[in-house]
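Worksheet for the structure shown next.
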Amino acid sequence: MPNPTAPARDYLHTIDLCVLRFCRETQALEILLNRREAEPFAGHWALPGIVVNGGVEDLTLSDAVERLRNSSKVGMPLAWIEQVGTVGDAFRDPRCWSSSTFYLAIVSDAVQLAEHQGFFPLKGVADASIKLPFDHNSLVAAVQERLLSKALYSSLPLMFLGTEFSAPQAVDIFSLVLERPVLKTSIRQRLLKMTEAGYLRETGRKKSGHGGRPQSTVENLKPASLYLFDRCFLE
């Protein structure tokens, strides 16, 4: 039987978003961070997050995710979002026992950032060269691992390129995400399978590419859907 005189234990659950983008200027993957206003860790850069039922009623986790997406901490269109996992213990937050459900998200459009927002190198955050409060570095590392593993067998990296892209751009983004060179023939075969399945179609347009030479582009007809390849890139 629980002791009715025992003090209530504080507990909070948060939603944290790892919003990634491909920076064409640096040819690197970046992650969105927010400068915290409140304690703990006021003034530190951290993942955008909210407390579930933190002053606003959230009937579901999806409600909380939408509230975070539309808040000033994110406030940008997301090309993709998926839940990665949930963590929790008595040590990750100095306020109380806490848990977090965290998500991988991708933005492909150019966005205007607020003063409290910034994009930072994904690699530096994932390996904790750029230190974040709470356990946010480990959350980012888990998200990076999810991105790499899904890139082995799905079209997920194409989400970084928007709705229209060329085959050389697809080669570059897969090579970047997988952290190894990807054969052009392998990517072209996968783009052909996606075209045959109705996910892509040729636009008849060209855009400047490697060496300034125009490259034919394809259009993503199902931008919110993943295509699963029948073979892993490592096979």
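For the sequence shown, the residue numbers in numbering that gives the first Met the number 0 are 0 to 234. Glycine residues also receive a C-beta, built at the ideal position from the N, C-alpha and C atoms. Note that the structure is a prediction, hence the values are computed from the model and not measured.
Local conformation of residue 185 per DSSP, three classes = helix
task = Any chance you could list the alpha helix (DSSP H) runs of at least 4 consecutive residues sitting entirely within the region 7-67, in chain order?
result = Fully contained in the region 7-67 is no alpha helix (DSSP H) run of length 4 or more.
inquiry  = By DSSP's criteria, residue 206 is part of a beta bridge. Which residues make up the other side?
reply    = 214.
DSSP three-state assignment for residue 80, whether helix, strand or coil = strand
ask   = Leaving out the 5 sequence neighbours to the left and right, which residues in its chain are closer than 7 angstroms to residue 69 when beta-carbon positions are compared?
value = none
request  = Classify residue 200 as helix, strand or coil using the three-state DSSP reduction.
outcome  = strand
request  = Look at residue 50 and residue 85 and say whether their C-beta atoms are less than 7 angstroms apart.
outcome  = no
request  = Consult DSSP for residue 159 and reduce its assignment to one of helix, strand or coil.
outcome  = helix
message = Using the Cβ count rule (16 or more neighbours within 10 Å means buried), how would you classify residue 7?
response = No answer about residue 7 holds up, because its pLDDT of 46 lies below 50 and its placement is not dependable.
key: C-beta contact flag for residue 16 and residue 30 at 7 angstroms   = no
request  = Might you give, ordered along the chain, the residues of its own chain that have their beta carbon closer than 8 angstroms to the beta carbon of residue 174, omitting 5 neighbours on each side?
outcome  = 180 and 181
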